[in-house]
Amino acid sequence: MKENKVTFLTQAAMIAAVYVVLCAVFAPISYGEIQVRVAEALVILPFFTPAAIPGLFVGCLIANLMGGSILLDVVLGSAATLIGAIGSYRLRFNRFLVLLPPIISNTLIVPYVLRYGYGVPLPIPFLMLTVGIGEVIAVGVLGNVLLSALTRYRRIFPTVNA
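Take a look at the structure:
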């Protein structure tokens, strides 16, 4: 039992660290009204382990803090990732549906943060389009590639509390 907790915490911490590093490496395209946050490709990881849920949330929280985001963005942007990760975990029975929750949650939440938190003078529907396109690229394309690659090596994610 204790080994499962250690594995869970280790996986969550590693996922958080990778998320932060990917945001830092790709910082120019990870923030703003037109963004492709490459780290969002990791939101497919709840397909493999529930440890990805806190890992993604904490990783996004830290990345937003380090990226100079305002408090509203830190809270709501991280919440969007958390909602997407939980949704992905609940839809883990279908490898294609697992991609939808993070795309939808970020497309619906982040534009309001951009508009009302940062004062971006673009209409909400246009911001939804730009954020949605970025999410489709990050999750729908990159996340799907990652999902396909990791599915072949599923044994690297031992089932934890599933």
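All the letters of the sequence shown, read from the start, carry residue numbers 35 to 196 under the working numbering. Glycine included, every Cβ here is placed at the ideal spot set by N, Cα and C.
Rounded separation between Val179 and Val70 - CA only: Sequence index remark: in the sequence shown, residue 179 carries index 145 (1-based). Sequence index remark: in the sequence shown, residue 70 carries index 36 (1-based). If you take the alpha carbons of Val179 and Val70, they lie about 15 Å apart.
Euclidean distance between Cα positions of Ala58 and Val173: Taking the sequence shown and counting its residues from 1, the one referred to as residue 58 is at position 24. Taking the sequence shown and counting its residues from 1, the one referred to as residue 173 is at position 139. About 18 Å.
With 16 other Cβ atoms within 10 Å as the buried cut-off, status of Asn38: To locate residue 38, count along the sequence shown from 1; it is residue 4. When all chains shown are included, Asn38 counts as exposed.
Return the first residue and the last residue of the alpha helix (DSSP H) that Tyr146 is part of. Residue 146 sits at position 112 when you count from the first residue of the sequence shown. From DSSP, the alpha helix (DSSP H) with Tyr146 extends over 134-146.
Have a look at Ile78 and Gly177 and give me their C-alpha separation to the nearest angstrom. In the sequence shown, counting from the first residue as 1, residue 78 sits at position 44. In the sequence shown, counting from the first residue as 1, residue 177 sits at position 143. Between Ile78 and Gly177, the C-alpha separation is close to 6 Å.
Excluding the 5 residues preceding and the 5 following Ser64 in the sequence, name in chain order all residues of the same chain whose CB lies nearer than 6 Å to its CB. Within the sequence shown, residue 64 is the residue found at index 30, counting from 1. Same-chain partners within the cutoff: Cys57, Arg71.
Given that a residue counts as buried once 16 or more other Cβ atoms are within 10 Å of its Cβ, and exposed if not, what is Val132? Translated into positions along the sequence shown, residue 132 becomes position 98. Buried, by the Cβ-count rule.
Same chain only: Cβ atoms within 6 Å of Phe60, ignoring 5 sequence neighbours per side: As a first step, residue 60 is located in the sequence shown; it is residue number 26 there, counting from the start. The residues are Val72.
Tell me whether Ile104 sits in a helix, a strand or coil according to DSSP, three-state version. By one-based count along the sequence shown, residue 104 stands at place 70. Reduced to three states, the DSSP call for Ile104 is coil.
Figure out for me which residue from Thr115, Phe42, Ile68 has the closest Cα to the Cα of Ala75. Taking the sequence shown and counting its residues from 1, one reaches residue 75 at position 41. If we check each option's Cα against that of Ala75, Thr115 comes out closest.
8 Å Cβ cutoff met for Gly89 and Ile49: Stepping through the sequence shown from its first residue, residue 89 is reached at position 55. Stepping through the sequence shown from its first residue, residue 49 is reached at position 15. Taking 8 Å as the Cβ cut-off, Gly89 and Ile49 qualify as a contacting pair.
Which stretch, first to last residue, makes up the alpha helix (DSSP H) that contains Asn178? Residue 178 sits at position 144 when you count from the first residue of the sequence shown. Residues 178-186.
Measuring only the C-alpha atoms, how far is Met100 from Phe91? In the sequence shown, the residue the question calls residue 100 occupies position 66. In the sequence shown, the residue the question calls residue 91 occupies position 57. About 14 Å.
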